[in-house]
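To convert, take the position in the sequence shown, counting from 1, and add 25; that gives my numbering.
Backbone N, C-alpha and C define an ideal beta-carbon position, used for all residues, glycine too.
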Amino acid sequence: MNNNNKICHSNLRRGLLASAVLAGLGITPVQAFEFDTGNEDVSVRFDNTFKFNYAQRVEAPNSKLANAWNNNDGNRNFSSGSPVSQRLDVLSELDVVYKKQLGFRVSANSWYDHAYDDVGSFNPSTNQLNNGRPDSNHLSGYAERYYNGPSSEILDAFVFGSTEFGDESLLSAKAGQHTLYWGESVLAFAHGNSYGQSGLDLSKALAVPGTEAKELFIPRNQLSTSFTVNSELTLAAQYFLDWDAARLPESGTYLGFNDGIQNGGHNLSLIAARNPRFGTPGPLGANEFLRLTNGHTHTPDKRGDFGLMAKWSPAWLDGTLGLYYRKTSDILPNLVLQPVAVGPAQLASGNAGSYNQFYVDDIDVYGLSLAKNVAGVSVGFDLSYRHNMALSSVPATVNPALGAANAPGFIESFDGENGVARGNTVHAVLNGLTTFGDTPLWDSSTLLVELGYSRWLDVTENKQLFKGEDWYHGVDKVTKDNFILGLNFNPTWYQVFPGVDLSLPVSYNVGLSGQSAVQMGGNKGTGSYSVGVGMDVHSQYRFDLKYVDNFGDFDTCGSAGNAAAQGDGAAPGANGQYNCVPGQTTAFAGTPAQLKDRGMVTFTFKTTL
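1. So for T504, helix, strand or coil by DSSP?
2. Is the segment 126 to 143 touching the segment 164 to 181, taking contact as three or more C-beta pairs under 8 Å?
3. Rounded to a whole number of angstroms, what is the C-alpha to C-alpha distance between W341 and A238?
4. S135 and V115: beta carbons closer than 7 Å?
5. How is G128 classed by DSSP in three states: helix, strand or coil?
6. Using the Cα positions of S438 and T318, report the straight-line distance between them to the nearest angstrom.
7. Could you check which residue in R623, N534, G289, D574 has the C-alpha nearest to that of V211?
8. With DSSP collapsed to three states, give me the class of R328.
9. Leaving out the 5 sequence neighbours to the left and right, which residues in its chain are closer than 6 Å to F613 when beta-carbon positions are compared?
10. Could you tell me the distance, in whole angstroms, from the CA atom of F383 to the CA atom of P86?
11. For W136, write down the residues that DSSP places opposite it in a beta bridge.
12. With the cut-off set at 7 Å, would you say T471 and M414 are in Cβ contact?
13. Report the rounded CA-to-CA distance for A230 versus N507, giving the unit in angstroms.
14. Could you please give me the residues that DSSP links to S418 through a beta bridge?
15. Ordered along the chain, which non-local residues of its own chain (more than five positions away) have a Cβ less than 7 Å from that of T278?
16. So if DSSP puts Y350 in a beta bridge, which residue, or which two residues, is it bridged to?
17. On the DSSP letters alone, give me the boundaries of the alpha helix (DSSP H) that Q81 sits inside.
18. What residues are listed by DSSP as bridge partners for A200?
19. Would you tell me roughly how many angstroms separate the C-alpha atoms of N513 and V474, rounded to the nearest one?
20. Within 10 angstroms of the Cβ of G615, are there 16 or more other Cβ atoms? Answer buried if so, exposed if not.
21. With H, G and I counted as helix, E and B as strand and the rest as coil, what does DSSP make of S223?
22. Measuring alpha carbon to alpha carbon, tell me which residue in M334, Y572, L372, G586 is nearest A311.
23. Under 8 Å: do the segment 385 to 394 and the segment 198 to 206 share three or more Cβ pairs, one atom per stretch?
24. How is E169 classed by DSSP in three states: helix, strand or coil?
25. In the DSSP assignment, the beta strand (DSSP E) including D569 goes from what residue to what residue?
26. Can you tell which of F129, L180, V233 has its C-alpha closest to the C-alpha of S555?
27. Can you find the residues in the same chain that come closer than 6 Å, C-beta to C-beta, to N456, ignoring five residues on each side of it along the sequence?
28. Less than 7 Å between the beta carbons of S10 and S197, yes or no?
29. Short of 6 Å in beta carbon distance, which residues of its chain neighbour L570, apart from the five on each side in sequence? Order them along the chain.
30. Considering only C-alpha positions, which residue in the set N64, I296, R245 is nearest to N95?
31. With a threshold of 16 other CB atoms inside 10 Å of the CB of Y519, please say whether the residue is buried or exposed.
32. Can you confirm whether the segment 573 to 591 touches the segment 62 to 76 when touching is taken to mean that 3 or more C-beta pairs between the two stretches lie within less than 8 Å?
33. Buried or exposed: V365, going by 16 or more other Cβ atoms within 10 Å of its Cβ?
34. Excluding five sequence neighbours on each side, which residues of the same chain lie with their C-beta closer than 7 Å to the C-beta of N548?
35. For my contact list, N381 and H452 are in at a C-beta cut-off of 8 Å; report their separation, rounded to the angstrom.
36. Nearest-angstrom Cα distance between Q489 and N424?
Shown next, in the form of structure tokens:
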């Protein structure tokens with residue numbers, strides 16, 4: 026007989042968080058369909074969840090953003106008033122359990138989005154190529170699959186087992202494609218102890234502000250085990266057999282913000298200066314900007330990442346303390362540019378070299394967490410130190426001479442991972458979840474507030490690429506510290522009609538101060554929000570109507586720069602003149618700033634059979 030109550034504070038907190046966040050996202054918990062197997066030792070559950078989402082752009086393109094050659098494909102592909110999503114998703118889940126100890130789980134998602142059937146408007150600055158030339162009516166094969174469909178993918182696919190030792194101890198293990206989420210962060214994925222523990226679907230985070238970090242996880246092939254020693258102590262470990270990157274919106278999709286990255290980007294325009302022959306008769310003047318084509322993407326080894334965890338719940342603490350160590354690879358990409366000498370052939374073709382995306386590895390994460398109820402508030406805290414972390418950097422340009430001189434923005438050569446600044450950082454997350462009962466304004470409500478913090482300690486590699494150096498002039502110039510805030514508030518009214526509950530979910534995320542030293546870590550005055558109304562009908566059908574938008578600052582070139590006066594570029598370039606092309610954007614204070622003109626209304630229907 027097992028009499029232990031395993032880490033009860035953490036389980037209670039996770040249950041409260043799940044309920045609050047699911048309600049805020051418009052997801053109603055439902056019972057799975059269970060088959061009658063005729064054997065009480067065998068449990069088989071099968072779910073099919075259907076979701077239809079319609080979204081329409083309601084904000085006109087910002088003229089400066091629409092003219093940003095490397096950031097505008099999605100902006101130009103969808104005009105104001107056009108549908109940006111007409112998507113049907115089907116999530117199928119199968120769970121088979123024997124004697125509540127052994128079993129397996131398989132889940133798969135299938136989709137089709139009619140809004141992407143014929144994407145492409147006239148876009149002279151497209152970053153898509155067809156037969157080596159720009160083509161505004163062409164998306165990558167990857168984007169066609171994952172955004173248009175019809176297509177599907179396996180999510181969970183693992184076996185599991187557990188066995189008891191004595192009255193208090195339990196050993197459990199999983200093998201296969203699954204997710205683990207360590208720590209107590211909820212919204213601030215970039216600063217939590219779990220960063221890099223799985224790939225993240227950041228397209229979902231941008232489309233649905235306030236999405237809980239663990240709802241973004243992409244299952245990863247791994248071996249994991251957990252040993253509950255007694256009611257106070259649990260130990261766990263994981264070893265990864267695969268690696269997966271974060272999924273950012275692809276080039277040409279509605280929320281795509283960087284047209285050269287991920288699988289959908291085919292080229293980057295060299296927008297520091299126009300082709301000097303542009304507009305003259307003949308092939309040499311055909312291309313306004315020269316471009317680099319997308320080369321090989323360098324990824325970390327599939328195996329080698331691992332993690333160790335201990336959770337302690339002593340009676341005197343009345344909470345749960347966690348300790349963590351993880352060796353991880355990064356999930357966000359960096360860029361290195363490899364231009365060639367420009368001559369007539371390059372002017373005629375427009376091709377002036379290549380660029381590479383790459384992901385660094387060998388990051389050490391040392392973490393601490395605390396989960397505790399304080400005065401009726403479920404409080405969570407994460408604190409971590411990251412060694413050898415990738416820092417916010419300008420794209421490195423390969424140039425042997427300038428790289429040898431440590432000129433800002435340049436490296437001598439590229440070996441697959443050395444094109445980014447690296448260093449040591451500290452991150453913290455503090456959140457609180459509370460519920461309010463019946464008031465004159467609502468029947469019940471939940472409030473989740475989370476504060477994130479980061480600080481860079483030192484730069485250990487490629488200081489000449491770091492955006493925190495004095496030579497960098499962009500609006501996202503890194504500061505020593507930064508703070509971000511996120512909140513989800515969800516008031517609910519029960520039985521407004523027979524069998525109908527009504528809610529008003531609101532989410533808001535903003536950078537309070539500073540510019541983070543890590544990608545997507547937050548920027549002052551930059552953020553996103555959503556407000557809407559939801560209906561839960563007979564605890565079976567969910568309807569949601571929301572408005573979603575982003576905000577933030579960006580820089581635009583006003584002065585091109587020359588030998589007599591510096592331009593408005595973010596980096597000095599080879600000649601130190603900070604050259605740029607008037608009218609082109611030069612820097613963004615975070616991803617939401619790139620999407621500040623993509624306001625949309627969304628309608629979602631969801632049910633589980």
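With the structure as the only source:
1. coil
2. yes
3. 30 Å
4. yes
5. strand
6. 18 Å
7. N534
8. coil
9. F579, Q619
10. 31 Å
11. D114, S176
12. no
13. 21 Å
14. F491
15. G99, A168, Y172
16. L333, Y391
17. No alpha helix (DSSP H) holds Q81; the beta strand (DSSP E) holding it covers 67 to 82.
18. V184, L248
19. 7 Å
20. buried
21. coil
22. L372
23. no
24. helix
25. 566 to 576
26. V233
27. V211, G405, E475
28. Because the chain here runs from 26 to 634, residue 10 falls outside it and cannot be looked at.
29. G557, V558, F628
30. I296
31. exposed
32. no
33. exposed
34. D501, G536, Q540, S541, G577, A614, G615
35. With a Cβ gap of about 28 Å, N381 and H452 do not count as contacting.
36. 13 Å
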